[in-house]
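A.B. asks: Position in the sequence shown (from 1) plus 213 gives the number in our numbering.
Below is the structure I would like to discuss, written out as structure tokens.
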Amino acid sequence: MIDIAACARTRYTAKAYDPARKIAPPLVEQLRALARLSPSSVNSQPWHFVVASTDEGKARVAKATQGAYAYNAPKILNASHVFVLCTRHTLTDAHLAAIIAQEVADGRHPDAQSEQTRRDSLWGYADLHRYTRRDAQSWMEKQTYIALGALLLGAATLAVDATPIEGFDNAALDRELKLPEQGFVSSVLVALGYHSADDFNTALPKSRLPEQTLFTDI
Ligand SMILES: Cc1cc2nc3c(=O)[nH]c(=O)nc-3n(C[C@H](O)[C@H](O)[C@H](O)COP(=O)(O)O)c2cc1C
Numbered sequence: 214m215i216d217i218a219a220c221a222r223t224r225y226t227a228k229a230y231d232p233a234r235k236i237a238p239p240l241v242e243q244l245r246a247l248a249r250l251s252p253s254s255v256n257s258q259p260w261h262f263v264v265a266s267t268d269e270g271k272a273r274v275a276k277a278t279q280g281a282y283a284y285n286a287p288k289i290l291n292a293s294h295v296f297v298l299c300t301r302h303t304l305t306d307a308h309l310a311a312i313i314a315q316e317v318a319d320g321r322h323p324d325a326q327s328e329q330t331r332r333d334s335l336w337g338y339a340d341l342h343r344y345t346r347r348d349a350q351s352w353m354e355k356q357t358y359i360a361l362g363a364l365l366l367g368a369a370t371l372a373v374d375a376t377p378i379e380g381f382d383n384a385a386l387d388r389e390l391k392l393p394e395q396g397f398v399s400s401v402l403v404a405l406g407y408h409s410a411d412d413f414n415t416a417l418p419k420s421r422l423p424e425q426t427l428f429t430d431i
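What follows is the structure in structure tokens.
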């Protein structure tokens, strides 16, 4: 049995990366698969992933850390890969239709009735968030953060160091990557690679609230 709790215990937020160490391509493929295969409510997949692996690509992402977020710039520039997790800015009917079409192509709907039932369910939840609760953007972004969790734990199981990063100027990154024109906004970054000798966080113990505070067993 894999001791997944051991991975959770040993993973930590890397604070400095060795720019000379790159993630091997097969591991990058696994990380990309974790993002793509991440679950989402009603399989809505309201995300897009920009992966920066070149110096030029990482420099473009790091532009969004000027000023107050400058402390995050070296992590982005020295990591092997930086995933920009983006979320749709609008939940469109065209996107919902693409999900159904993909499910049909993947063989999930043996007949027209199954497809129609699924269509009703998908549009039902989409309309709940678009028109009744009016929280579609926030609902979609919650899904993107599920992919963040998958990436962080997955990286740990692959012995790849990672840094989740919310400390950046979203609007600046959106402009730099022309995300709104493609229907997306940036939500969160993940720098991935291998820590350097000056990563102070390797020596610090992990700190979490006690189990009895966090759990109620009934
Ligand atoms: C959504 C999110 C955003 C974060 N943003 C940053 C960040 O901008 N820079 C940084 O150095 N760490 C960032 N962190 C790391 C957290 O501070 C860290 O996960 C937390 O202190 C727990 O420590 P651990 O990850 O080492 O277990 C972020 C973490 C999460 C989950």
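We put the CB at the ideal spot given by N, CA and C, even for glycine.
Fair warning: this is a prediction, and the values are worked out from it, not measured in the lab.
Please indicate yes or no: does the CB of N414 lie closer than 7 Å to some heavy atom of ligand 1?
C.D. replies: By one-based count along the sequence shown, residue 414 stands at place 201. Result yes, Cβ under 7 Å from ligand 1.
A.B. asks: Of the choices S257, I313, I236 and Y282, whose alpha-carbon is the least far from that of S266?
C.D. replies: Translated into the one-based positions of the sequence shown, residue 266 becomes position 53. Nearest C-alpha to S266: I236.
A.B. asks: Find out if the Cβ-Cβ distance for the pair L309, M353 is shorter than 8 Å.
C.D. replies: Along the sequence shown, read from residue 1 onward, the residue named residue 309 stands at position 96. Along the sequence shown, read from residue 1 onward, the residue named residue 353 stands at position 140. Not closer than 8 Å, so no.
A.B. asks: Where do the N-terminal and C-terminal ends of the beta strand (DSSP E) with A404 fall, by residue?
C.D. replies: Along the sequence shown, one-based indexing puts residue 404 at 191. Counting along the chain, the beta strand (DSSP E) containing A404 begins and ends at F397 to G406.
A.B. asks: Can you pull the DSSP bridge partners for C220?
C.D. replies: To locate residue 220, count along the sequence shown from 1; it is residue 7. For C220, which the question treats as bridged, DSSP gives no partner whatsoever.
A.B. asks: Given a cut-off of 8 Å, decide if L290 and K432 are closer than it, judged by their beta-carbon atoms.
C.D. replies: With the chain running from 214 to 431 in the structure shown, residue 432 is simply not present.
A.B. asks: Mapping DSSP to helix, strand and coil, what is T305?
C.D. replies: Sequence index remark: in the sequence shown, residue 305 carries index 92 (1-based). Coil at T305, not helix or strand.
A.B. asks: Rounded to whole angstroms, what's the CA-CA distance from W336 to G396? Just pull it up for me.
C.D. replies: By 1-based counting over the sequence shown, the position of residue 336 is 123. By 1-based counting over the sequence shown, the position of residue 396 is 183. Cα to Cα, W336 sits roughly 19 Å from G396.
A.B. asks: Alpha carbon to alpha carbon, how far is A229 from P423?
C.D. replies: Indexing the sequence shown from 1 puts residue 229 at position 16. Indexing the sequence shown from 1 puts residue 423 at position 210. Distance between the alpha carbons of A229 and P423 is about 28 Å.
A.B. asks: Restricting to Cα atoms, I'd like to know which of L361, E379 and P393 is closest to P252.
C.D. replies: Here the question's residue 252 lines up with position 39 in the sequence shown. Per the Cα distances, L361.
A.B. asks: At a threshold of 7 Å, does Y407 count as lining ligand 1 (C-beta to nearest heavy atom)?
C.D. replies: In the sequence shown, counting from the first residue as 1, residue 407 sits at position 194. Proximity of the beta carbon of Y407 to ligand 1 is not indicated: no heavy atom of the ligand is located closer than 7 Å.
A.B. asks: Mapping DSSP to helix, strand and coil, what is L381?
C.D. replies: As a position in the sequence shown, residue 381 is number 168, starting the count at 1. The sequence as given places Phe at residue 381; Leu does not occur at that position. Coil, per DSSP.
A.B. asks: Could I get the ranges of all uninterrupted alpha helix (DSSP H) runs contained in the stretch 345-392, with 4 residues as the minimum, in chain order?
C.D. replies: DSSP runs (the alpha helix (DSSP H)) wholly in the stretch 345-392: 349-370 and 383-389.
A.B. asks: When DSSP builds the beta bridges, which residues end up paired with A265?
C.D. replies: Working through the sequence shown from its first residue, we reach residue 265 at position 52. V295, per the DSSP bridge assignment.
A.B. asks: Specify the secondary structure class of Y225 as computed by DSSP and reduced to three states.
C.D. replies: The residue you call residue 225 lines up with position 12 of the sequence shown. The answer is coil: DSSP assigns Y225 none of H, G, I, E or B.
A.B. asks: Let's test the definition: count the other Cβ atoms within 10 Å of the Cβ of L298 and tell me whether it reaches 16, buried, or not, exposed.
C.D. replies: As a working note, residue 298 is residue 85 in the sequence shown. Label assigned to L298: buried.
A.B. asks: Using CA atoms only, rank isn't needed, just tell me which of G320, A227, R421 and N414 is closest to A404.
C.D. replies: Here the question's residue 404 lines up with position 191 in the sequence shown. It is A227 whose Cα lies nearest to the Cα of A404.
A.B. asks: Can you round the beta-carbon distance between L364 and V263 to whole angstroms, since I take them to be within the 8 Å contact cut?
C.D. replies: Numbered from 1 along the sequence shown, position 151 holds the residue referred to as residue 364. Numbered from 1 along the sequence shown, position 50 holds the residue referred to as residue 263. At roughly 13 Å, the Cβ-Cβ gap does not stay under 8 Å, so L364 and V263 are not in contact.
A.B. asks: So, with DSSP's three-state summary, where would you put T300?
C.D. replies: If you number the sequence shown from 1, residue 300 lands on position 87. Three-state result, T300: strand.
A.B. asks: Is F381 buried or exposed, if buried means 16 or more other CB atoms sit within 10 Å of its CB?
C.D. replies: Residue numbering aside, residue 381 sits at position 168 when the sequence shown is read from its first letter. F381 is buried by the Cβ-count criterion.
A.B. asks: Span of the alpha helix (DSSP H) holding A339?
C.D. replies: The residue labelled residue 339 in the question sits at position 126 within the sequence shown. From DSSP, the alpha helix (DSSP H) with A339 extends over A325 to D340.
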